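Everything below concerns the one structure shown next.
Protein chains: 2
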Amino acid sequence: MTNQKTAVARLEAVATRAGQEYLEKEGFVQLFPPRLVRASGACENIDTLFSVSGNGQNRWWQDAAGNLLPAYLAQTGQLYLEAFVPSLKKVYCIGPSFRAEPKIDNRHLTEFTMTEIEFAGDFEDLLRYIENYLKAIARQLIDHESLALNDWGLTPADLTRLRSLPLALPRTTYDEAITILKNYDPQIAWGDDISTEHEKMLIKHFGNQPLFITRYPDPSWNHGQEIEVEKFFNMIPDPQNPGRVLSTDLILPFAGEAVGAAARIYDLETLKQRLTNSRMFKRLQEKGGTLDDFAWYIANLENTGSLPHAGCGFGMSRILQWLRASNNITECVTFPANRGNLI
Amino acid sequence: MTNQKTAVARLEAVATRAGQEYLEKEGFVQLFPPRLVRASGACENIDTLFSVSGNGQNRWWQDAAGNLLPAYLAQTGQLYLEAFVPSLKKVYCIGPSFRAEPKIDNRHLTEFTMTEIEFAGDFEDLLRYIENYLKAIARQLIDHESLALNDWGLTPADLTRLRSLPLALPRTTYDEAITILKNYDPQIAWGDDISTEHEKMLIKHFGNQPLFITRYPDPSWNHGQEIEVEKFFNMIPDPQNPGRVLSTDLILPFAGEAVGAAARIYDLETLKQRLTNSRMFKRLQEKGGTLDDFAWYIANLENTGSLPHAGCGFGMSRILQWLRASNNITECVTFPANRGNLI
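Residue numbers (the working numbering), protein chains in the order written: chain Y, 1 to 343; chain L, 344 to 686.
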């Protein structure tokens with residue numbers, strides 16, 4: 001391997017491990033959720049699910065009643081982690097997230113490492129964990145300057161930038177972000193998605209630091225208009241802001257959205273109602289899916305109940321982009337996988 | 344979750360982490376190899392490869408020339424790790440290994456966590472790493488007796504058994520093992536696979552401790568007969584024992600084969616010759632595969648060369664079976680996945 005590739009591998013190892021050590025120190029227990037799953041392993045974008053077949057058969061699996069089932073590659077371990085929050089309180093996993101992303105570009109991968117956490121706690125706890133997770137990684141690099149410069153491929157400017165990380169990261173709500181963006185892009189309207197270009201404007205506006213965008217529109221709320229921005233079905237409504245959910249995305253300089261996070265619904269009936277009314281579920285039904293795809297998750301909630309909890313997924317490759325100040329995700333991970341790079 | 348399931352999750356976390364800590368202490372660097380791969384992610388048993396499709400298309404990926412390619416789920420990260428041995432010397436990964444195993448039983452899973460290592464070193468180093476990895480896990484449980492008994496679901500008998508782990512684990516060669524087995528099963532012949540029942544006989548014969556079976560028949564050697572036992576193409580021939588390779592399986596009480604290991608071929612021409620003449624490659628060709636499936640691995644070897652190295656994969660679920668003295672693999676992992684249990 002080239003020196004450059006070796007440095008990429010080393011930094012990926014160091015950053016992922018620094019994050020893991022932080023979580024272990026905080027008492028999180030590592031789980032190993034399945035990656036070959038029903039639709040319960042999908043995030044909101046089920047159109048990018050990969051399908052898997054065994055021995056040439058798409059419906060190779062079977063349920064207890066003998067029905068043949070299709071399987072997908074997991075995009076997230078979230079629901080599997082959530083099931084263990086009542087008993088273990090703080091859980092995490094580190095593993096591949098798969099996306100059938102057709103674009104071959106500098107921003108997307110078909111497979112990337114995601115560190116995910118779920119814990120008993122509230123939205124403020126969640127923001128704190130995300131902030132501290134990021135700082136634990138930056139700290140590890142700052143504290144090993146010589147290795148960072150000589151072995152891990154960072155520049156003095158990278159370390160200077162990491163040292164400037166503010167004690168409290170800037171935060172803006174989705175509503176505020178749209179208002180701010182109107183100064184830069186008069187076309188944008190409330191309800192729109194925040195694009196990569198918009199993310200760049202916001203990052204610059206907030207001083208070129210990681211930025212929390214919080215309280216996105218509630219997908220289950222009647223906004224009196226179609227909204228483009230789409231969030232996962234089990235985000236909890238914000239009691240202070242009708243029509244908004246307690247969610248946040250962390251946007252990083254160079255990388256854009258690197259963390260998706262929310263406080264979760266934990267009441268069974270509310271959850272089922274929000275799931276079956278979600279756009280994601282409607283698309284799943286068009287593909288032949290049913291509520292049965294979530295049978296394990298729902299049965300577990302019925303049996304053991306739940307408690308207030310929250311969680312997020314850290315996209316490690318986007319965090320690595322931020323560490324390296326790189327606009328090209330394929331240069332920041334050891335094995336960049338996309339539709340045009342299968343090895 | 345039930346208390347039993349919670350204990351299973353905790354032990355899985357503790358054991359996997361104890362193994363990881365051992366590797367980190369020894370200077371191994373964690374890599375994140377792809378799990379969505381060409382046939383270079385297959386072990387010798389390519390019949391149990393899962394196929395993946397994107398957007399309904401089996402050949403969704405494309406190479407540089409525009410040819411459409413099928414993709415599989417990785418059974419091993421071995422070749423990807425090997426590529427980094429010349430530069431990083433000691434590397435490891437922890438992740439899912441996928442097998443389209445049609446049997447729904449107490450021994451097989453369609454997905455399980457595997458910890459894999461590759462390092463610059465020889466066969467004796469390999470045996471030592473395997474032994475010490477296992478001991479590091481046992482040590483962690485012995486040293487936390489109260490947690491082990493109260494939170495991790497072990498019994499006093501389990502801990503007594505782990506305390507009796509001998510300083511040096513027993514070793515037998517494949518040839519010796521067959522000779523010994525003839526005393527218990529007159530039907531067995533040299534060249535046969537060592538079945539689960541045979542493994543049990545050997546374990547008992549060697550004092551109910553983990554057992555190394557070393558120096559399996561070389562698949563590329565003309566033995567003057569068909570041999571059933573099949574090993575991966577890039578195991579290195581044993582210079583002391585013509586027709587044998589420097590490989591070992593670690594057989595565990597209750598669990599059977601838990602670790603597959605070998606010193607690897609590192610000469611490009613020998614490697615290509617052994618690959619293209621392997622039974623695995625012939626089956627791959629029948630499925631439409633070519634040497635191109637290994638293009639990345641071969642190109643890397645051409646560009647950067649290699650050096651004497653060895654490695655292995657630790658099947659974590661089988662190690663957990665051994666820790667718990669369980670004959671049922673599905674009771675030993677948090678999310679047991681098989682053809683009849685897709686969640």
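Quick reminder that beta carbons are idealized off the backbone N, C-alpha and C, glycines included. Quick caveat, the model's predicted, so the values are computed rather than measured.
Using only the alpha-carbon positions, how far apart do residue i and residue j sit?
i         : j         : result
L/Gly-397 : L/Pro-429 : 34 Å
L/Glu-645 : L/Thr-619 : 17 Å
Y/Leu-109 : L/Thr-503 : 48 Å
L/Trp-639 : Y/Ile-343 : 6 Å
L/Pro-651 : L/Ala-532 : 33 Å
L/Asp-486 : L/Ala-356 : 16 Å
L/Ser-507 : L/Arg-482 : 11 Å
Y/Gly-56  : Y/Gln-75  : 23 Å
L/Lys-294 : L/Gly-599 : The structure shown does not extend to residue 294 of chain L, since chain L spans only 344 to 686, so no value can be given for it.
Y/Tyr-266 : Y/Ile-94  : 24 Å
L/Trp-403 : Y/Pro-102 : 9 Å
Y/Glu-286 : Y/Ala-262 : 27 Å
L/Phe-371 : L/Ala-653 : 13 Å
L/Leu-470 : L/Val-676 : 26 Å
L/Ile-641 : L/Asp-406 : 16 Å
Y/Thr-173 : Y/Pro-242 : 13 Å
Y/Pro-219 : L/Leu-497 : 46 Å
Y/Thr-6   : Y/His-223 : 50 Å
L/Tyr-423 : Y/Thr-48  : 26 Å
Y/Glu-44  : Y/Lys-25  : 31 Å
Ignore the nearest five residues each way along the sequence and tell me which others in residue i's own chain have a CB closer than 7 Å to its CB.
i         : result
Y/Asp-238 : Arg-215, Arg-244, Val-245 and Leu-246
Y/Val-344 : Residue 344 of chain Y is absent from the model: chain Y starts at 1 and stops at 343.
L/Leu-611 : Leu-644 and Glu-645
Y/Phe-84  : Leu-31 and Val-91
L/Tyr-527 : Met-544
Y/Asn-98  : For the sequence presented, residue 98 of chain Y should be read as Phe rather than Asn. The residues are Phe-50, Leu-73, Ala-74, Gln-75, Thr-110 and Glu-111.
Y/Asn-399 : The first residue shown for chain Y is 1 and the last is 343, placing residue 399 of chain Y beyond what the model contains.
Assign residue i to buried or exposed, taking buried as 16 or more other Cβ atoms, counted over all protein chains shown, within 10 Å of its Cβ.
i         : result
Y/His-198 : buried
Y/Gln-30  : buried
L/Pro-560 : buried
L/Thr-345 : exposed
Y/Thr-115 : buried
L/Thr-673 : buried
Y/Ala-100 : buried
Y/Ala-65  : exposed
L/Pro-439 : buried
Y/Trp-152 : buried
L/Gly-656 : buried
Y/Glu-111 : buried
L/Lys-574 : buried
L/Gln-421 : buried
L/Glu-461 : buried
L/Ala-520 : buried
L/Asn-410 : exposed
Y/Thr-16  : buried
L/Glu-467 : exposed
Please tell me whether residue i and residue j are closer than 8 Å, where the distance is taken between their beta carbons.
i         : j         : result
Y/Gln-209 : Y/Phe-254 : no
Y/Ile-251 : Y/Leu-202 : yes
Y/Glu-228 : Y/Asp-192 : yes
Y/Arg-279 : Y/Met-235 : no
L/Ile-447 : L/Gly-683 : yes
L/Phe-549 : L/Pro-509 : no
Y/Pro-156 : Y/Leu-147 : no
L/Arg-456 : L/Ser-660 : Residue identity differs from the one stated: residue 456 of chain L is Thr in this sequence, not Arg. Yes, Cβ-Cβ distance for L/Thr-456 and L/Ser-660 is below 8 Å.
L/Ala-680 : Y/Pro-34  : yes
L/Leu-554 : L/Leu-354 : no
Can you name, in chain order, every residue of its own chain whose Cβ lies under 8 Å from the Cβ of residue i, other than the five neighbours on each side?
i         : result
L/Glu-488 : Leu-502
Y/Asp-293 : Arg-38, Ala-39, Ser-40 and Leu-284
L/Ala-479 : Ala-361, Gly-362, Glu-364 and Tyr-365
Y/Asn-327 : Asn-106, Phe-254 and Gln-321
Y/Leu-181 : Ile-188, Ile-194, His-198, Met-201 and Leu-202
Leaving out the 5 sequence neighbours to the left and right, which residues in its chain are closer than 6 Å to residue i when beta-carbon positions are compared?
i         : result
L/Asp-592 : Ile-556, Glu-600 and Gly-603
L/Ile-662 : Ala-601
Y/Ile-46  : Met-280, Arg-283 and Leu-284
**Item:** Residues from the stretch 11-22 of chain Y in contact with chain L, defined by Cβ distance under 8 Å
**Value:** Glu-12, Ala-13, Thr-16 and Arg-17
**Item:** Residues from the stretch 28-42 of chain Y in contact with chain L, defined by Cβ distance under 8 Å
**Value:** Val-29, Gln-30, Leu-31, Phe-32, Pro-33, Pro-34, Arg-35, Leu-36, Val-37, Arg-38 and Ser-40
**Prompt:** Can you list, in chain order, the residues of the stretch 438-470 of chain L whose Cβ is nearer than 8 Å to any Cβ on chain Y?
**Reply:** Gly-438, Pro-439, Phe-441, Ala-443, Pro-445, Thr-453, Glu-454 and Thr-456
**Asked** the stretch 510-535 of chain L: which residues have C-beta closer than 7 Å to a C-beta of chain Y, in chain order?
**Response** none
**Prompt:** Just by C-beta distance, which residues in the stretch 136-165 of chain Y are closer than 7 Å to chain L?
**Reply:** none
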